[in-house]
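Just so you know, the sequences run in chain order A and B.
Numbering-wise, this note's numbering puts 487 at position 183 of the first sequence, and it's gapless, one number per residue.
Numbering-wise, this note's numbering puts 360 at position 56 of the second sequence, and it's gapless, one number per residue.
All C-beta atoms in this analysis are idealised placements derived from N, C-alpha and C, irrespective of residue type, glycine included.
To start, the structure under review is shown below, and the notes come after it.
Protein chains: 2
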Amino acid sequence: MAQPTIDSENTVKSVETSFHIVEYLKDVDGARVTEVADALGIAKSTVHRHLVTLVEIGCVVKEGDIYDVGFRFLEFGEYAKTRKAAYAMAEEKVKELAAKTEERAQFLVEEHGQSVFVYRETGRNAVQTDPGIGKRVPIHASAAGKAILAHLPTEEVREIIDQHGLVALTEHTITDPDALFAELEEIRERGYALNNQENIDSLRAVGVPVLGNNDQVIGSLSVSGPTHRFKGQYVEREIPDLLLGTANELELNIKYS
Amino acid sequence: MAQPTIDSENTVKSVETSFHIVEYLKDVDGARVTEVADALGIAKSTVHRHLVTLVEIGCVVKEGDIYDVGFRFLEFGEYAKTRKAAYAMAEEKVKELAAKTEERAQFLVEEHGQSVFVYRETGRNAVQTDPGIGKRVPIHASAAGKAILAHLPTEEVREIIDQHGLVALTEHTITDPDALFAELEEIRERGYALNNQENIDSLRAVGVPVLGNNDQVIGSLSVSGPTHRFKGQYVEREIPDLLLGTANELELNIKYS
DNA sequence: GCAGGCTGTTCGACAATGAGAAACATTATA
DNA sequence: TATAATGTTTCTCATTGTCGAACAGCCTGC
């Protein structure tokens, strides 16, 4: 207690450990008490108590001796997805985009300096991948993320960079802050963002911001696909035009509802 | 501490209070510190600390002075929905059912003696209601729930009744245990369950169990619609036949995968 | 523009309560 | 059947959550 400033971190540690336990269960697809205890370096009895608590509130299910993530999260997750009218309306637009382009379309939101997939729909052409709703990805390495960043106050962008850094996911990822700021400026002028394999190799994407009242950015819509199809007019005119039109409709829906 | 047996309840109380806080935020669509403190009868400072913790782990977002449920839950909820191959395969079947019948189709699972909506799809004809994924409903008052109960060990059914009771949701709800057991027997013989306004007035539904290896019940598929359409051959033959066929396909998929 | 009453946030002290070690119970295995 | 692994319970200690009160910011209303 000699460092009252450092140790404070005014935070409930038991809640954090419970969270870490659930996270671990998710990562390894269910586990037994001792496994969790060993992996997280916590006493067996402690883990057990946390698991009993989590089972009681429905966040964890016990199947034999294996504990795994329960359905309670679904309830809260679905609530988060629809608690703002804007989010709920975005879902339709994502479906529309996927149907029209036959590619993969998604709606993302910024949270904690990262971008979160809130809705995703895969059109016929799209590669069938893990939907990954709720997944978090670095915000600087996607079209949707950059579209959001471009409409966030510069100061906030700086904070996000400080906190998360500009990690390289491929050789195309923007890792220099100045380069990123220049790109954001360009995005603002052009109206849409492009992602050229900055996230995953041979994957391109186009993203546009969705602005609410007083021009605050709510999230962004994006469409992504393979480089061999995402090129030329298609990625520089057709997709951006469609996205901008859709975002505009969505913004109007949001404003007058 | 004179009652070491009663008070034990070997459970992490901080985790429970954090959970209650999040639950409250959901129920009232976001709230400020003092509001939560007053509502739950906890000190302001305590609530604050919990909220700070929850924000840190991403379960709660702070917008101005209002705290609300965050997107972290989405990640875990989506995981819960797909952690078993059977669940993921059920999604397609639900879509299929909704498309074929144009009614509302859903896949439910039992957890903690209640039934949880895991997937729901609304066909063109279906009344557009709140999707309610993740919502929990009394298991004895729906076709899907009864279909599950019918394939659970009698002892377990008894436990569920003891724990949750047979609350009446409409005047048609089965509230007598013996009547319920008789109904479950009938369901087993007939192969499918019917819900005649036991849940919501003027709503009927048909449900069939989905059985996994060694005939353990995994969940159930159901189709629901208004009484004026759900009658005669449609509800007694067409829908049940379609459901039984679909469940059978699903069971085969599950067994050989 | 200033005072008063709201908030959210921080601080400090006490004691409740969560953590861990070890005993116990239970299952699976050889 | 015995042995080893697990899950569960018990117990003690001090960590750490709780509360009340003080502090700081904001808006309201005079």
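Please state whether DSSP places B/A341 in a helix, a strand or coil. helix
Below 7 Å between beta carbons is the criterion; list the residues of the segment 381-403 of chain B that meet it against any residue of chain A, in chain order. G381, E382, Y383, A384, K385 and R387
Could you tell me the distance, in whole angstroms, from the CA atom of B/I325 to the CA atom of B/I543? 42 Å
For B/V398 versus B/Y423, is the C-beta distance shorter than 7 Å? yes
Which residues in chain A sit within 7 Å of B/D372, going by Cβ to Cβ distance? R387
To the nearest angstrom, how far is the alpha carbon of B/A306 from that of B/E475? Residue placement at B/A306 cannot be trusted, given a pLDDT of 29 that sits under 50; what the coordinates show is reported in the next sentence. Those two C-alpha atoms are separated by around 45 Å.
Comparing the C-beta of A/A378 with each C-beta of chain B, is any distance below 7 Å? According to the sequence as given, residue 378 of chain A is Leu; it is not Ala. Cβ-Cβ to chain B under 7 Å: yes for A/L378.
My assumption, with CB atoms under 8 Å, is that A/G516 sits in contact with A/Y496. Please give the rounded CB distance. With a Cβ gap of about 18 Å, A/G516 and A/Y496 do not count as contacting.
Measure the C-alpha to C-alpha separation of A/A445 and A/A403 and round it to an integer number of angstroms. 25 Å
Are at least three pairs of beta-carbons, each pair with one atom in the segment 377-385 of chain A and one in the segment 379-390 of chain B, less than 8 Å apart? yes
What are the residues of the segment 479-510 of chain A that lie near chain B, defined by any Cβ-Cβ distance shorter than 8 Å? none
Leaving out five residues on either side along the sequence, give the residues of the same chain with a beta carbon under 7 Å from the beta carbon of B/P481. I465 and L470
Please list, in chain order, the residues of the segment 328-355 of chain A that have any C-beta partner in chain B closer than 7 Å. K330, D333, R353 and H354
Alpha carbon to alpha carbon, how far is B/V340 from B/T350? Give it in angstroms, no decimals. 10 Å
Helix, strand or coil at B/V398 according to DSSP, with G and I counted as helix: helix
Is the beta carbon of B/V359 less than 7 Å from the beta carbon of B/K348? no
Please compile the residues from chain B whose C-beta is within a distance smaller than 8 Å of the C-beta of A/T315. R353, V356, T357 and E360
Whole angstroms are fine: how far does the CA of A/A390 sit from the CA of A/S419? 17 Å
Is the distance from the Cβ of B/V441 to the Cβ of B/G523 below 7 Å? no
Taking the alpha-carbon positions, what's the B/E628 to A/D331 distance? In the structure as shown, chain B begins at 305 and stops at 561. Residue 628 of chain B is therefore absent and cannot be evaluated.
Opening and closing residue of the alpha helix (DSSP H) in which A/V319 lies: K317 to V332
Bounding residues of the beta strand (DSSP E) (the contiguous stretch that carries A/I370): I370 to V373
Say whether chain A places a C-beta atom closer than 7 Å to the C-beta of B/F534. no
If the criterion is Cβ atoms closer than 7 Å, does the pair B/N499 and B/A447 meet it? yes
Looking only at DSSP bridge pairs, what is B/L525 linked to? B/F411 and B/V512
So, with DSSP's three-state summary, where would you put A/K366? strand
Is the beta carbon of B/L525 closer than 7 Å to that of B/F421? no
Buried or exposed: B/T309, going by 16 or more other Cβ atoms within 10 Å of its Cβ? Any reading at B/T309 must be qualified, since the residue scores a pLDDT of 32, below 50, and its modelled position is unreliable; the value itself is stated next. Flag for B/T309 reads exposed.
When burial is assigned at 16 or more other CB atoms within 10 Å of the CB, is A/E438 buried or exposed? Correcting the residue identity first, residue 438 of chain A is Gly in this sequence and not Glu. Buried, by the Cβ-count rule.
Per-residue burial, A/A409 [other beta carbons within 10 Å of its own, 16 or more giving buried]: buried
Tell me whether A/G449 is buried or exposed, calling it buried when 16 or more other Cβ atoms sit within 10 Å of its Cβ. buried
Quick check for students: name the residue ranges of the beta strand (DSSP E) that lie wholly in the segment 488-512 of chain B, counting only runs of 3 or more. 497-500
For B/S528 and chain A, any beta-carbon pair shorter than 7 Å? no
The beta strand (DSSP E) with A/Y383 in it runs from where to where? Looking at the DSSP string, A/Y383 is not in any beta strand (DSSP E); the run it does join, the alpha helix (DSSP H), is R376 to T386.
Distance CB(A/G427)-CB(A/E400) smaller than 7 Å: no
Between A/Q537 and chain B, is there a C-beta pair that is closer than 7 Å? no
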